[in-house]
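K.L.:
Got a structure here, written out as structure tokens. Questions coming.
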Amino acid sequence: MTEVAIRVAAAAALIWLGMVLAISFMEAPLKFRAEGLDVRVGLAIGRIVFRALNIAEVVWAVVIAVCLAVAKPSGPVLVLATLTGALLAFQLLLVRPRLNRRSERILGGEDGPRSRAHHAYVGSEVMKFGALVALGAALLST
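Sequential numbering of the sequence shown, starting at 58, is according to my numbering.
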């Protein structure tokens, strides 16, 4: 059972990593390069996509947590899993609400400079990417 739990956790971490790569580092920036795409439409689409991504991330985090509770792995795996979860919590609880308020204002017709919260989200997304790579590698070597 322990071996299965570790492998399921590794698969969840790597699938989560793939989703972050595909959405945060490809879809999001490329969408705004599409010719003729209004920024407000792109923003509205982005809100839907990131809401779905965040729900999936929470599911993967729970899967990993349950698997690690069953497997009781070494300290480094637990540290990496905790770091990954903490980064997700930071994004969901502190950064996303600010970004949502800003996007609501823009969708309502306001203009304004880029939010510092966007930079915080991107920075935490880069850190989460690294944590997921390390977590997946650590789980696969367990």
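Beta carbons are placed, not taken as given, at the ideal position from N, Cα and C, and that holds for glycine.
Computed from a prediction, not measured in an experiment: that's the story for all the values here.
Helix, strand or coil for ALA91 per DSSP?
P.N.:
Here residue 91 refers to the residue found at position 34 when the sequence shown is read from its first residue. In the three-state reduction of the DSSP assignment, ALA91 falls in the coil class, being assigned neither a helical nor a strand state.
K.L.:
Leaving aside the five residues before and after ALA62 along the sequence, list all residues of the same chain whose C-beta is less than 6 Å from its C-beta, in chain order.
P.N.:
Position 5 of the sequence shown holds residue 62. Here the set comprises CYS124, VAL127 and ALA128.
K.L.:
Shorter than 6 Å, the distance from the beta carbon of ARG173 to the closest heavy atom of the ligand PLP, or not?
P.N.:
With respect to small molecules bound, the structure shown includes none, and the ligand PLP cannot be examined in it.
K.L.:
At what residues does the alpha helix (DSSP H) containing MET76 begin and finish?
P.N.:
Counted from its first residue, the sequence shown places residue 76 at position 19. From DSSP, the alpha helix (DSSP H) with MET76 extends over 59 to 79.
K.L.:
Distance check for LEU74 and VAL190, CA to CA, integer angstroms please.
P.N.:
By 1-based counting over the sequence shown, the position of residue 190 is 133. By 1-based counting over the sequence shown, the position of residue 74 is 17. VAL190 and LEU74: Cα-Cα distance of roughly 7 Å.
K.L.:
For the candidate residues VAL77, ALA67 and THR59, whose alpha-carbon lies nearest to that of LEU144?
P.N.:
Here residue 144 refers to the residue found at position 87 of the sequence shown. For LEU144, the nearest C-alpha among the options comes from VAL77.
K.L.:
Taking Cβ to Cβ, would you say ILE105 is nearer than 7 Å to ALA66?
P.N.:
For this step, residue 105 is matched to residue 48 along the sequence shown. For this step, residue 66 is matched to residue 9 along the sequence shown. With respect to ALA66, ILE105 sits apart: the two C-beta atoms are not nearer than 7 Å.
K.L.:
Quick check: the region 129 to 137 against the region 192 to 199, are at least 3 beta-carbon pairs closer than 8 Å?
P.N.:
yes
K.L.:
If you drop the 5 nearest sequence neighbours on each side, which residues of the same chain put their C-beta closer than 8 Å to that of PHE147?
P.N.:
Taking the sequence shown and counting its residues from 1, one reaches residue 147 at position 90. So the qualifying residues of the chain are SER181.
K.L.:
Quick one: is GLU167 buried, meaning 16 or more other Cβ sit within 10 Å of its Cβ, or exposed?
P.N.:
Numbered from 1 along the sequence shown, position 110 holds the residue referred to as residue 167. GLU167 counts as exposed, since fewer than 16 other C-beta atoms from the protein chains shown sit within 10 angstroms of its C-beta.
K.L.:
From this set, PRO130, GLU161 and VAL119, which residue's C-alpha is nearest VAL98's C-alpha?
P.N.:
Working through the sequence shown from its first residue, we reach residue 98 at position 41. Selected option, being the one with the closest Cα: GLU161.
K.L.:
Taking buried to mean at least 16 other C-beta atoms within 10 Å of its own C-beta, is ALA188 buried or exposed?
P.N.:
As a working mapping, residue 188 is identified with position 131 in the sequence shown. The residue is buried, with at least 16 neighbouring Cβ atoms inside 10 Å.
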